[in-house]
Amino acid sequence: MRRRSTLAAIAVFSVLVLSACGGADGGGAAITADGSSTVGPFVTKAAEDFKAAQDVDVTVGISGTGGGFERFCAGETDLSNASRQIDDEEQALCADAGVEYTEFRVATDALTNVVNAENDWATCLTVDQLKTIWGPGSKVSSWREVDSSFPDVELSLFGPGTDSGTFDYFTGAINGDEGASRTDYSPSEDDNVIVQGVSGNRGGLGYFGFSYFEQNRSVLRAIEVDGGSGCVAPSAEAAQDGSYTPLSRPLYVYVKQASFDENEDVRGFVEFMLDNNASIAEAAQFVPLGAEQLAEEQSKLEAATG
107 MRRRSTLAAI
117 AVFSVLVLSA
127 CGGADGGGAA
137 ITADGSSTVG
147 PFVTKAAEDF
157 KAAQDVDVTV
167 GISGTGGGFE
177 RFCAGETDLS
187 NASRQIDDEE
197 QALCADAGVE
207 YTEFRVATDA
217 LTNVVNAEND
227 WATCLTVDQL
237 KTIWGPGSKV
247 SSWREVDSSF
257 PDVELSLFGP
267 GTDSGTFDYF
277 TGAINGDEGA
287 SRTDYSPSED
297 DNVIVQGVSG
307 NRGGLGYFGF
317 SYFEQNRSVL
327 RAIEVDGGSG
337 CVAPSAEAAQ
347 DGSYTPLSRP
357 LYVYVKQASF
367 DENEDVRGFV
377 EFMLDNNASI
387 AEAAQFVPLG
397 AEQLAEEQSK
407 LEAATG
């Protein structure tokens, strides 16, 4: 199991007020969330809408899935946003600290490979080609080495850091082993940095959640992926119907039991996310839960809050 490093600084995606006594205008007690930059837009949208409806402040950090679980298991946050499920090492960390939690699936994502807008040659890549590029020890440095029909343009790689759940999911789905990846690329836990890297480099290639591509369509182009049944473009529909393989993935929010017990607003916030799942997911460019999925998560909430 890879050892996760503690992040020295937590990037704050949305700061709505951090106060032990709640908002400046007399709202409820503040709620803290941290973790996946992919799930960040979903929880941030939920936080904004919840603030408008209930006058309760929610802070949302984006230290990465792994960094978020470190803080969560240390008792520093109420919610941990994750683009993968909690792993064995993190479960043990929480257990050792006596942190109990409930896992909620909140949406579905289409993990997206992106290239520079000027790249007019790479329209679809197979899983094998992606593995050739990203596999451990890969020395591929030119697009022509990926496909002989591509031009001899230098390949510049940008991607999530090792604390990211997106990194974990992508490496598992493409390279066959979670955490297995070439290391000579430009990593960042902040997807906006990846956007800047790819958009500023004609031979750039990177990957992150679909919502970040949607926000940057003017400077990036998404690559279709052939998972064995032909080329499929990333989209909300393809993620939901399962045709975008193997890069469709569920997204999660983990909630500490002590937070449910000690702060009634935490239940209210999770309930709000589920009750308004479709509108929040649509606004954040994710695929909402289906009716059966939503009913299952609402049952989890009832069980956790009694």
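Residue numbers for the sequence shown follow our numbering, so the first one is 107 and each next one is one higher. We treat Cβ as the ideally placed atom computed from N, Cα and C, and that holds for glycine.
Quick one: what does DSSP say residue i is sitting in, helix, strand or coil?
i      : result
Asp253 : coil
Asn383 : helix
Ala130 : Here the model assigns Ala130 a pLDDT of 37, short of 50, so the residue's position is not dependable, and the following value carries that caveat. Three-state DSSP puts Ala130 in coil, outside helix and strand.
Val149 : helix
Val393 : strand
Give me the residue from the options with the minimum Cα distance to residue i.
i      : options                           : result
Glu402 : Ala389, Asn322 and Thr208         : Thr208
Tyr275 : Pro352, Ala159 and Ala158         : Pro352
Asp283 : Glu260, Lys245 and Gly241         : Gly241
Tyr358 : Arg323, Pro340, Glu343 and Asn383 : Asn383
Val331 : Ser341, Arg323, Asn322 and Val325 : Ser341
Ala409 : Ala158, Phe366 and Gly265         : Phe366
Thr214 : Gly265, Thr272 and Val304         : Thr272
Asn187 : Gln197, Gly170 and Asp194         : Gly170
Ala328 : Asn219, Thr268, Gln302 and Ser349 : Asn219
Val361 : Val212, Lys157 and Asp194         : Val212
Gly167 : Ser292, Ala139, Thr229 and Gly309 : Ala139
Val393 : Glu368, Gly333 and Gly315         : Gly315
Taking the DSSP output, what are the residues bridged to residue i?
i      : result
Ile137 : Val164
Ser186 : Asp140 and Tyr360
Asn225 : According to DSSP, which records beta bridges pairwise, Asn225 is partnered with nothing at all.
Over what stretch of residues does the alpha helix (DSSP H) that includes residue i continue unbroken?
i      : result
Arg177 : Thr171 to Cys179
Thr232 : Per DSSP, Thr232 belongs to no alpha helix (DSSP H); it is in the beta strand (DSSP E), Cys230 to Thr232.
Ser405 : Ala397 to Thr411
Gln197 : Asp194 to Asp202
Which residues mark the beginning and the end of the beta strand (DSSP E) in which residue i is found?
i      : result
Thr208 : Tyr207 to Ala216
Would the beta-carbon of residue i be found less than 7 Å away from any heavy atom of the ligand ADP?
i      : result
Asp194 : Annotation note on the ligand ADP: not contained in the displayed structure, which lists no ligands.
Any beta carbon of chain B sitting closer than 8 Å to that of residue i?
i      : result
Glu195 : Reference to chain B is not applicable here, since this structure consists of a single protein chain.
Kindly provide the ranges of any beta strand (DSSP E) runs that are 3 or more residues long and lie completely inside the segment 234–319, ordered along the chain.
262–266, 292–294 and 310–314
What ranges does the alpha helix (DSSP H) occupy inside the segment 326–380, keeping only unbroken runs of at least 4 residues that lie completely in it?
342–347 and 363–368
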